[in-house]
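Chains as they are written, first to last, in our numbering: chain A, 20 to 518; chain B, 20 to 518. Just so you know, even glycine gets a beta-carbon here, dropped at the ideal spot from N, CA and C.
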């Protein structure tokens, strides 16, 4: 009985979240500028209402009673566990602290947009100090309630069950091996060279190519859309997945791969168990697993030679004029070279997969110190510059705009999120290796444009499980072993340093 | 104290309605087809939650206490009256009925989109039967609670305070005089003739012209948008007004006037009192008054000679190629003739203002019988055909797509809405006559593209009042007399049968 009440209650919460997801997408894609204040208030009102529904006393009572029920199947028990998790996190914090955090995060993000434009870290610092101080309080209170270390309690919001000990164990080999590997790749690519295709590349043609490739890799456009926003993302809900991109008329390559990256997120959402729609156990697991699905499609599949062979004719057809003027830019060799360029650079979101982990190691190290209180905010620019020199051989001294002010995460209060990007890359490599073992002709299929076997494996081993297992459990069940960074390092060597 | 609690409670309800309005717009403009079921469920869930919030016992207690408060101003008292109205309507219905209606309406509307395309009334009929049956239950329950006749209780949802007796009184002169007037106009126009502009008219050029004209008549595009949907409408909220249209590449005239019609609705929304945003008294009054604002702009202003003089250069510029090939189609005389053509036709939304009331008389008569249960749904196509022959001298036998399946209203559960279109036309004519008396050089201003005096009069006399008065009171305050159909009939004679 209690379980049924919980099921109905969380179904209604899930429906509110569906509405919120569509309106959030609308805010990024459609909303006229002057509507911002009214919309922000309405979204805050909806969030408050959801929080009130989640933290009702009767939910706690039902959860206690449901824990005693012995008539539940595996999925129902997992659903109760996820409900319990959401309830414990929501009730662990004093309402005053929740309100103070929400206000500070919002003000800090707005201030960041202004000060970043002016490269003014000193002006922005007081906002970041307040945000760090409040999220330290959150981390302590959550940690106490969940019996976790403070920083682990923050990571747990984004990827349940993952703690720093797990992250540190898989990051250590990257930190040890990537510098030399990166040197070797850059040296090798310097001797090869490539031809940059010259635009302009019509936005409508880029959009058509993106839609064609999305459909080819199995994104279901009858349950989703492709639109334009300033910051590309994958939003919406499993029945209506909203992918966005942005078009650069001088370079078609970044939007195409961006669309395929978001399509990877989108296929995960579309593959979630329909039977558990609007229930906590039916949701995507966590951000590491989500990122593994976008990176599996983008990095493991679409930047590889078999996919580029499949896509090349469509690319040439989409930009037939450019291709006729500059055929050397559209050869298979050149397209493959374009999609596997490696370069040490300042900006994380533009980084290739070889140098990307260095950006993450830097942020992960610093955010742990910020939350622990061992790195004062005012020393952040120097610490960032010092780590950039060590990890990426670049200096951001005097250039905080492209240094510690570049990401929206900390300004908006997202601490503990960054390491999950690179965990996602490692999970993607390990899953892909397992698929290649299970489906020997996989890459031949991809070259023919057939993704059915890939999808079937992912559906059976990842998508259809929703939040039934932790990502750690899921990786082990799917691949037969715990997460091992060797797969990611092996992938990089195979792709970037072939014999 | 009670008033302040009501104010805060209804503010939160208003925020939920803002979210619902954006998601409803999204459903018509963006939603992929397969998302329909999930979305219908979520919208029904949101409706149920709003209904629960509205009907909480404490709201009733606060309303009783607020009615005793003697420290409220006029607006606060009007706000309490509107809250009381909403509370009484909402508490009259069982929550299960509310949710069943919301779900049936959404599913029926989605089914209608499919079956209408296939001209399949028999396929669609079961959906309409369910919707009619549920809305009959609603009408009976509401009628009892509000001490109104069942059908009046439905009309009251769209235009508070208006009952069939009022409608019948102002419709009688139209029914008596329009047939002969229509004959006379058609006979007169047959001897004049016009040149149909030949397309194709590029959709992007039509959109740009629509945006230019919207902005010219004062629609604020920083607080609104123009998009495409199957059935044009004005949605969203005052801070974010979402207008839609559809483009016909063979005929630019209908989309342009459609956009201006919706812009009239949109300007009303944008002109509502900002101080009362998200409060019941701050909402647009009712659909008759809303339609009066769209028809005032479209029919009284934009189809008149002064506006056509203003718009003609922009029209010629937008379609310069067509204009060069066919200059006779773009003369002032021809454009005016195009925008005042009168013809008995099948489709209400394409009808001119002379024959439009006949479309309304038909629907109003049939919907009263559907709700009363005296017309079975399966007999609707024959009844429609019979009334079309009588009122418009046309037959829809075998052509339900252009007959009883043409409108979204009944499929989405809007019964009692149709008569308000023609009430709106009458209000528009009476308001416009009052503006012309108050602003003697109005039409000269319009010819110069200046709409400031028009807007100022409407803002002072209509928009800024929100729901402070009933539409009946508002018309009398604004024009000095009760609604009188003579203004509308005089307008038709002056425009279509000038001496």
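Through-space distance from residue j to residue i, alpha-carbon basis
i                      : j                      : result
residue 212 of chain B : residue 464 of chain B : 29 Å
residue 498 of chain A : residue 390 of chain A : 34 Å
residue 197 of chain B : residue 373 of chain B : 8 Å
residue 71 of chain B  : residue 114 of chain B : 8 Å
residue 446 of chain B : residue 507 of chain B : 8 Å
residue 486 of chain B : residue 144 of chain B : 37 Å
residue 399 of chain B : residue 147 of chain B : 10 Å
residue 419 of chain B : residue 55 of chain B  : 24 Å
residue 46 of chain A  : residue 39 of chain B  : 14 Å
residue 110 of chain A : residue 173 of chain A : 15 Å
residue 477 of chain A : residue 457 of chain A : 11 Å
residue 313 of chain B : residue 353 of chain A : 58 Å
residue 31 of chain A  : residue 494 of chain B : 43 Å
residue 603 of chain B : residue 251 of chain B : The shown model of chain B, from 20 to 518, leaves out residue 603 of chain B, and the question about it has no answer.
residue 327 of chain B : residue 282 of chain B : 16 Å
residue 480 of chain A : residue 473 of chain A : 11 Å
Outcome for residue i when other beta-carbon atoms lying within 10 angstroms are tallied against a minimum of 16
i                      : result
residue 125 of chain B : buried
residue 334 of chain A : buried
residue 57 of chain B  : buried
residue 430 of chain B : buried
residue 397 of chain B : exposed
residue 23 of chain A  : exposed
residue 433 of chain B : buried
residue 276 of chain B : buried
residue 311 of chain A : buried
residue 346 of chain B : exposed
residue 89 of chain B  : exposed
residue 332 of chain B : exposed
residue 518 of chain A : exposed
residue 371 of chain B : buried
residue 520 of chain B : It is not possible to answer for residue 520 of chain B, since the shown part of chain B is limited to 20 through 518.
residue 441 of chain A : buried
residue 69 of chain B  : buried
residue 202 of chain A : exposed
residue 525 of chain A : Residue 525 of chain A lies beyond the residue range present for chain A, which begins at 20 and ends at 518; the question has no answer from this structure.
residue 293 of chain B : exposed
Among the options, the one whose alpha carbon lies nearest that of residue i
i                      : options                   : result
residue 214 of chain B : B:26, B:168, B:348, B:285 : B:348
residue 4 of chain B   : B:255, B:245, B:236       : In the structure as shown, chain B starts at 20 and stops at 518, and residue 4 of chain B therefore has no counterpart that could be examined.
residue 395 of chain B : B:452, B:152, B:35        : B:152
residue 324 of chain B : B:54, B:350, B:32, B:402  : B:350
residue 358 of chain B : B:344, B:414, B:270       : B:270
residue 226 of chain B : B:386, B:138, B:338       : B:338
residue 381 of chain B : B:362, B:403, B:360       : B:403
residue 516 of chain B : B:66, B:315, B:361        : B:361
residue 450 of chain A : A:29, A:393, A:95, A:307  : A:307
residue 37 of chain B  : A:65, A:368, A:230        : A:65
residue 260 of chain A : A:284, A:280, A:223       : A:284
residue 92 of chain B  : B:341, B:300, B:329       : B:300
Whole-angstrom C-beta distance between residue j and residue i, which should lie under 8 Å
i                      : j                      : result
residue 232 of chain A : residue 278 of chain A : 7 Å
residue 298 of chain B : residue 33 of chain B  : 6 Å
residue 268 of chain A : residue 218 of chain A : 5 Å
Within 9 Å, strictly: CB atoms of residue i and residue j
i                      : j                      : result
residue 8 of chain A   : residue 190 of chain A : The question about residue 8 of chain A has no answer here: the residues shown for chain A are numbered 20 through 518.
residue 407 of chain B : residue 375 of chain B : no
residue 122 of chain B : residue 43 of chain B  : no
residue 512 of chain A : residue 200 of chain A : yes
residue 248 of chain A : residue 272 of chain A : no
residue 296 of chain B : residue 241 of chain B : no
residue 439 of chain B : residue 181 of chain B : yes
residue 84 of chain A  : residue 20 of chain A  : yes
residue 185 of chain B : residue 491 of chain B : yes
residue 107 of chain A : residue 165 of chain A : yes
residue 483 of chain A : residue 291 of chain A : yes
Beta-carbon neighbours of residue i, restricted to chain D and to distances below 8 Å
i                     : result
residue 51 of chain A : Of the chains in the structure shown, none is chain D; the protein chains are A and B.
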